[in-house]
Amino acid sequence: MKKFYLLLLLTLGLAFGASAPSAADPLSEQITQTLETKLHSPFSQQVTELYRLNQFRPLWVGPQNAANYAALLQALENPLFNYNHKNFNRSEIKRLSFALDSGSISPASLPAVRARLDVLMSDALMQLLNFLRVGDVDWPLVQRKLKRLKETQDVQAAWDIHPKKLPDPQTLFTVLTQKDLQRFLRQQIPLEHRYRSLVALLQKYRHMPRFPKLSQGRTLRINSSDSRISQIKRMMKFFGDYPRNLPEDNEFDRRFAEAVRSFRERFKLPPGETIDNKVIHYLNTPKSEYIKKILVNLEKLKLYPHQWENDYVEVNVPEYKMRFYRNGRPVFASDVVVGRIDRPTPIFDSKMTYMVLNPTWTIPDNLVRRDLIPMLKKNPDYLRQHDIHVFTSYKPNAPEVELDFEKLFSYEHDQRPIPYRFVQFPSDSNALGKVKFMFPNKYSVYLHDTDNKKLFGYRYRVFSSGCMRVEKPIDFMELLLHYAAGNYTPEKIREILESNRPTTIRLKKAIPVHIVYFTVRRANGKDYFFYDIYLHDQIIWESMAGHKKQSFKVPEKRLNPLRKERKKKRHYFF
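If you want it as structure tokens, here you go:
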């Protein structure tokens, strides 16, 4: 293939000549005619403007355009840019190129064929850029489906989706003029390190052997012997859990037990070294499901830029994990609890500007209606038990009052503003714990501590009403003090925490916060696949070219990780 492109470049350079055609040149006239009569493309307007900027001279053929020509041809064939092996005019480009190379085109037809090839190349560039920047997802359809969940499921699923646009023709013309196409195409790759990782994963799982389906049966553990073990070892070698140099026999030894533990960890199964029917179920995940999940995550990446900031916070909702990056490298990680499946954490970007030690918690009106009123009907003493105070309004100096229960209950099923403000004062039992991390947003969600640490022991940590509870908030706070607008020594922080007085610490540098929804991750040589807890992946898959459905139906059988707590008077609605 490389020899073909080299020969083609030499041939085209000789065939088209070294001098740029004048405005009256037959090639320019044929380009104009081709644009007017033969270009039937969604990108006709952009392609035409690109040629107008070049005075309708060729952009690709001729030795003066050789560098751009080679860069585009290589990109069209490169899985990094074209992992779905889309045609992007490649078959027609090859046909015309061979025809020119073989000398089978009559002299009278040469300008028309050259013009056709040049315009096809420009259109191929636009198709490639559209795939890299926008992708195959109908994002407005995704938004409509998410909004529809409110009507059909009473689920307020929010995702700030901002699809990219194509580069304007002037930008592309400058790139081509400067012979800078190769670098420019690489800059279009979203979150490049992750994107490259997922493209490599896609290649890996496309070559995944079609393993026979494993039968369910007795639980396997160390010293077990079973005919299924040899196949499981082969499977785990492919996945990367079991070293390739170890035998594929039917014995369950210590090294195989380590592989089982690794497999369980990658799928967030309960830790252990046994193979039960749940592990068998995950081992039987079909090849098509892996590929589908990777493709969906590649599409989600296209919503993001080439790279994020040097310092930022990322919360990956389906992984139940937050990470803090400094100079582009992760320096802190913590498990998090995220929104319930009926109250999902919104997906958006913001900037953290301050944190509050010993925070109060003001209960939002929607939670007063959905949670507090039903709770008070069952337990009228709930406010006193949880140190929740009642004020007449949201004004700073509003007086504290006794609650009129009957008056409050009348607001349960309508949208009138609640005539009270409910505030939980700082304490060890405060719902927000000892610190909250604030990044202003229209959803009124944030990161915070919690008084209910046991929730971090669950496999699916979906218990909040949208906010994200951090397992290691004090450690995170201490890292952020590096950015604080003021000097906060460990002694000063200890004094503040012991005082139980709300204290705001502002940051001299706003820290970007990215709340994301990635269900595939490659880390430490392992492939991680996370459960699509909010069904966002399925909605996206059914909004992609080739799989598009105009409406979305929530499956009847859906994992519900919410479990009733034992008889213990606690509140979990925050």
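Residues 2 to 575, numbered by my numbering, are exactly what the sequence shown covers, in order. Heads up, the beta-carbon is just placed ideally off N, CA and C, and yes, glycines get one too. Since the structure is predicted, the reported quantities are computational estimates derived from the model, not experimental observations.
- Under a 10 Å Cβ-count criterion, residue 515 is classified as buried, with 16 or more other Cβ atoms of the shown protein chains found around its own Cβ.
- For residue 421, the closest alpha carbon among the candidates 202, 428, 413 is that of 413.
- Counting C-beta pairs with one atom in each stretch, the segment 273-280 and the segment 464-484 have fewer than three that are closer than 8 angstroms, which means they do not touch.
- From the listed residues 199, 350, 30, the smallest Cα separation to residue 523 is found for 199.
- Beta-bridge annotation (DSSP): residue 512 is paired with 353.
- Between the alpha carbons of residue 443 and residue 186 lies a gap of roughly 35 angstroms.
- Along the segment 372-403, the beta strand (DSSP E) occurs as fully enclosed runs of 3 or more residues at 389-392, listed in sequence order.
- Runs of the alpha helix (DSSP H) spanning 4 or more residues and lying entirely within the segment 88-134 occur at 91-103, 111-134, in chain order.
- Just so you know, the alpha carbons of residue 489 and residue 502 end up roughly 16 angstroms apart.
- Here residue 252 carries a strand assignment [DSSP, helix/strand/coil].
- If you look at residue 491, you'll find it in the alpha helix (DSSP H) that goes 491-500.
- Less than 8 angstroms separates the beta-carbon of residue 160 from that of residue 147.
- Given a length threshold of 4 residues, each whole run of the alpha helix (DSSP H) inside the segment 216-272 is given here in chain order: 230-240, 255-267.
- Put simply, the backbone Cα of residue 529 is about 20 angstroms away from that of residue 332.
- Linking residue 298 to residue 172 through their CA atoms gives a straight-line distance of about 28 angstroms.
- Following the DSSP letters along the chain, one finds residue 67 in no beta strand (DSSP E) but inside the alpha helix (DSSP H) bounded by residues 67-78.
- For residue 112 and residue 178, the gap between their C-alpha atoms comes out near 22 angstroms.
- Here the segment 228-241 makes no contact with the segment 340-356; the two share fewer than three CB pairs at distances below 8 angstroms.
- Under the three-state reduction of DSSP, residue 416 is assigned to coil, being neither helix nor strand.
- Closest option to residue 425, judged by alpha-carbon separation, among 336, 435, 418: 435.
- Collapsing the DSSP output to three states places residue 432 in coil.
- Comparing C-alpha distances from residue 478 to each of 396, 32, 359 shows the shortest one belongs to 359.
- The alpha-carbon separation between residue 389 and residue 423 amounts to approximately 6 angstroms.
- Here residue 406 carries a helix assignment [DSSP, helix/strand/coil].
- Taking a contact as a CB-CB distance under 8 angstroms, the pair residue 400 and residue 392 counts as one, their CB atoms being some 7 angstroms apart.
- Non-local beta-carbon contacts of residue 549 in its own chain, meaning distances under 8 angstroms to residues more than five positions away in sequence, involve 139, 142, 543 in chain order.
- In this structure, the straight-line span from the alpha carbon of residue 288 to that of residue 211 is close to 7 angstroms.
- Annotation: residue 181 is outside any beta strand (DSSP E) and is labelled neither H nor E by DSSP.
- Contact between residue 120 and residue 36 holds, with the beta-carbon distance rounding to 6 angstroms and staying under 8 angstroms.
- Taking all protein chains shown into account, residue 195 has 16 or more neighbouring C-beta atoms within 10 Å of its C-beta and is therefore buried.
- Remark: C-beta atoms of residue 517 and residue 317 approach each other more closely than 8 angstroms.
- Contact between residue 39 and residue 117 is confirmed by a C-beta separation of about 7 angstroms, below the 8 angstroms threshold.
- By the CB criterion at 8 angstroms, residue 57 and residue 32 fall inside the cutoff.
- Short of 7 angstroms from the beta carbon of residue 305, and not among the five residues preceding or following it, lie these beta carbons of its own chain, in chain order: 191, 192.
- For residue 315, the enclosing beta strand (DSSP E) has its first and last residue at 313-317.
- The beta carbon of residue 154 sits closer than 8 angstroms to those of 343, 555, all from its chain and outside the five residues before and after it, given in chain order.
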